[in-house]
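Protein chains in written order, with the working numbering: chain P, 66 to 372; chain A, 66 to 372. Glycine residues also receive a C-beta, built at the ideal position from the N, C-alpha and C atoms.
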């Protein structure tokens with residue numbers, strides 16, 4: 066057991082989750098499993114009633130006392146408006162969100178006049194290639210990182226409360242600046258999804274597709290797994306992290322174009338330097354990715370990483 | 066049980082495998098499990114003795130009677146020379162190889178004066194991201210496709226014999242022209258490997274790599290899995306299928322560059338058409354890939370697909 070220094074963890078007894086999709090309902094299920102009272106809201110009554118049926122909590126009723134934490138689990142482009150509305154209604158003492166990008170949401174929240182002292186921007190690093198309420202799982206965050214990106218005005222107690230919420234879900238918090246967070250997720254998540262989609266797209270609309278795909282193996286299956294993710298959600302995510310994703314894509318395109326050109330050159334062993342260089346760098350990068358993935362195993366205590 | 070029409074399957078009692086890497090040793094192990102006598106050769110005495118220790122067969126001795134089939138499991142660039150040498154030594158009645166490309170090997174074999182009537186170019190669609198003798202498994206080909214690309218001079222009996230060999234390994238044969246084969250594997254295997262390497266390469270040599278990779282999830286892990294493949298083998302494969310791989314890479318680069326440019330554009334909902342189009346095509350392609358992968362389950366009998 067890791068010894069935790071600093072103030073004791075704030076106690077969380079009641080959480081309101083706004084948005085009963087994959088992430089919101091999974092947070093609710095994880096909290097319910099820890100005995101937390103959960104109230105739920107969603108603009109789609111079917112998602113709400115499905116989440117209630119799954120045991121994720123009760124529908125938020127008018128006149129409910131404020132929750133210890135309000136978790137906003139709606140698409141990135143809606144977070145600032147939902148936050149402002151929730152704060153205006155006094156739904157909770159502390160607010161957090163789970164959107165995949167942070168920089169632009171933080172600016173929008175400031176610009177729309179949200180109370181920035183009680184808002185702790187967050188992003189649990191977990192997901193599935195299937196979406197929707199029905200795909201939610203109580204253990205979705207077990208052993209995962211949960212990024213928190215507090216702004217300059219965020220109160221310490223608010224940050225500690227959301228850290229406790231992440232811990233109740235089985236995740237480990239890491240602290241990042243919104244900028245560092247957005248660059249990192251562009252690299253490990255958003256740009257890889259675009260790459261995966263660009264490869265999978267080659268197999269759409271092709272008459273010969275079936276013949277070609279008869280020879281498919283696990284390689285193509287794995288490389289294109291995230292290409293099955295819901296476009297409507299990802300258009301929103303990519304819009305919110307456009308610059309960082311574009312930077313990463315352009316670097317990948319440079320490498321691919323160089324290899325393509327090398328493959329077109331007339332025979333000559335020198336041109337193979339380009340191909341060998343990419344494959345060797347690919348091996349090195351893959352080793353680091355495998356190491357990082359292996360370190361993702363569940364650990365006790367809460368880890369705070371300044372960045 | 067599928068009823069097979071045509072001549073009865075030729076009986077295979079003795080096979081010689083030249084090249085005791087992952088594929089050659091896996092073929093040998095699969096055949097040994099079916100009671101076939103296997104003799105082994107490799108220019109590296111350590112690989113040879115490791116394969117013998119694993120029970121893949123006995124080392125090929127001088128004066129051995131010709132095998133029913135000789136399986137050439139050496140890198141693509143060496144196949145034609147190894148085939149010519151094996152035929153000159155009278156090592157077998159029928160010859161096949163397992164290289165990932167077919168067109169250029171077939172031309173080289175013709176140009177170097179091989180007997181094309183007893184040679185059946187082949188390619189079992191199986192592999193692992195780890196290579197070498199020790200990674201071999203008797204069930205590597207179970208339920209997999211095994212492409213055969215006979216040339217105009219290939220004798221029917223030779224093709225039937227290699228079809229039986231593939232069936233003994235648990236695989237299903239599909240017949241393809243060398244050109245169609247090479248385009249198909251560029252699409253489902255070779256270009257995806259280059260893409261995966263280009264993404265993984267972004268995480269090599271970066272000081273900030275560790276911080277960024279702390280947020281990694283299964284998406285990046287899956288997309289970069291094949292980037293761990295051995296560069297020396299893949300340089301050889303890409304050299305042999307350069308044009309088809311370049312065609313595929315250029316199409317992917319076009320899509321990625323268009324999305325990169327759209328992400329750079331000033332705000333405007335029209336530009337999101339480019340991003341949405343790619344993500345939707347990615348979804349469609351992914352569906353077809355998942356279907357094709359699911360159909361890869363083991364099936365009885367031998368399937369012959371003309372293409």
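Measure the beta-carbon distance from residue i to residue j and round it to whole angstroms, keeping in mind my assumption that it falls under 8 Å.
| i | j | result |
| --- | --- | --- |
| residue 186/P | residue 209/P | In fact, because the Cβ distance is near 17 Å, the residues do not count as touching under 8 Å. |
| residue 288/P | residue 288/A | 5 Å |
| residue 292/P | residue 265/P | 4 Å |
On a CA-only basis, which of the options is nearest residue i? Give me that one, please.
| i | options | result |
| --- | --- | --- |
| residue 283/A | 226/P, 146/P, 206/P | 206/P |
| residue 204/P | 231/P, 220/P, 222/P | 231/P |
| residue 357/A | 261/P, 353/P, 280/P | 280/P |
| residue 139/A | 329/A, 249/A, 278/A, 166/A | 166/A |
| residue 260/P | 323/P, 313/P, 220/P | 313/P |
| residue 201/A | 116/A, 78/A, 263/A, 298/A | 116/A |
| residue 118/A | 154/A, 104/A, 161/A | 104/A |
| residue 338/P | 304/A, 74/A, 251/A | 304/A |
| residue 222/A | 348/A, 82/A, 86/A, 182/A | 182/A |
| residue 329/A | 173/P, 336/P, 341/P, 311/P | 311/P |
| residue 130/P | 137/P, 157/P, 262/P, 276/P | 157/P |
| residue 355/A | 278/P, 349/P, 238/P | 278/P |
| residue 348/A | 238/P, 262/P, 224/P | 262/P |
| residue 173/A | 211/A, 197/A, 143/A | 143/A |
| residue 175/P | 217/P, 250/P, 102/P | 217/P |
May I have the straight-line CA-CA distance separating residue i from residue j, to the nearest angstrom?
| i | j | result |
| --- | --- | --- |
| residue 346/P | residue 241/P | 27 Å |
| residue 268/A | residue 258/A | 16 Å |
| residue 229/P | residue 308/P | 32 Å |
| residue 351/A | residue 359/P | 27 Å |
| residue 76/A | residue 132/A | 12 Å |
| residue 88/A | residue 163/A | 8 Å |
| residue 353/A | residue 325/P | 26 Å |
| residue 248/P | residue 331/A | 20 Å |
| residue 120/P | residue 306/A | 55 Å |
| residue 141/P | residue 302/P | 6 Å |
| residue 79/A | residue 320/P | 47 Å |
| residue 299/P | residue 246/A | 35 Å |
| residue 343/A | residue 219/A | 43 Å |
| residue 177/P | residue 227/P | 22 Å |
| residue 148/P | residue 184/P | 8 Å |
| residue 93/P | residue 252/P | 29 Å |
| residue 150/P | residue 126/P | 16 Å |
| residue 297/P | residue 86/P | 13 Å |
| residue 84/P | residue 192/A | 43 Å |
| residue 159/P | residue 336/P | 58 Å |
| residue 180/P | residue 168/P | 16 Å |
| residue 236/A | residue 295/P | 35 Å |
| residue 81/A | residue 146/A | 17 Å |
| residue 170/P | residue 161/P | 11 Å |
| residue 74/A | residue 97/A | 18 Å |
| residue 238/A | residue 340/P | 32 Å |
| residue 90/A | residue 114/A | 11 Å |
| residue 276/A | residue 211/P | 14 Å |
| residue 112/A | residue 152/A | 23 Å |
| residue 197/A | residue 225/P | 51 Å |
Is it the case that the CB of residue i approaches a heavy atom of the ligand GTP more closely than 7 Å?
| i | result |
| --- | --- |
| residue 136/A | Annotation note on the ligand GTP: not contained in the displayed structure, which lists no ligands. |
Using the Cβ count rule (16 or more neighbours within 10 Å means buried), how would you classify residue i?
| i | result |
| --- | --- |
| residue 123/P | exposed |
| residue 215/A | buried |
| residue 233/A | buried |
| residue 135/A | buried |
| residue 99/P | exposed |
| residue 108/P | exposed |
| residue 290/A | buried |
| residue 110/P | exposed |
| residue 199/A | exposed |
| residue 213/A | buried |
| residue 243/A | buried |
| residue 95/P | buried |
| residue 286/A | buried |
| residue 154/A | exposed |
| residue 128/A | exposed |
| residue 254/P | buried |
| residue 195/A | exposed |
Could you tell me whether the Cβ of residue i comes closer than 8 Å to any Cβ of chain C?
| i | result |
| --- | --- |
| residue 202/P | Among the protein chains of the structure shown, namely P and A, there is no chain C. |
Could you pull out every unbroken beta strand (DSSP E) segment of at least 3 residues lying fully inside the region 233-289 of chain A, listed in chain order?
-> 237-240
Go through the region 165-216 of chain P residue by residue and report every complete run of the alpha helix (DSSP H) that reaches 4 residues or more, in order.
-> 168-176
Note down, one range per segment and in chain order, each alpha helix (DSSP H) of at least 4 residues found wholly within the region 77-109 of chain A.
-> 87-98
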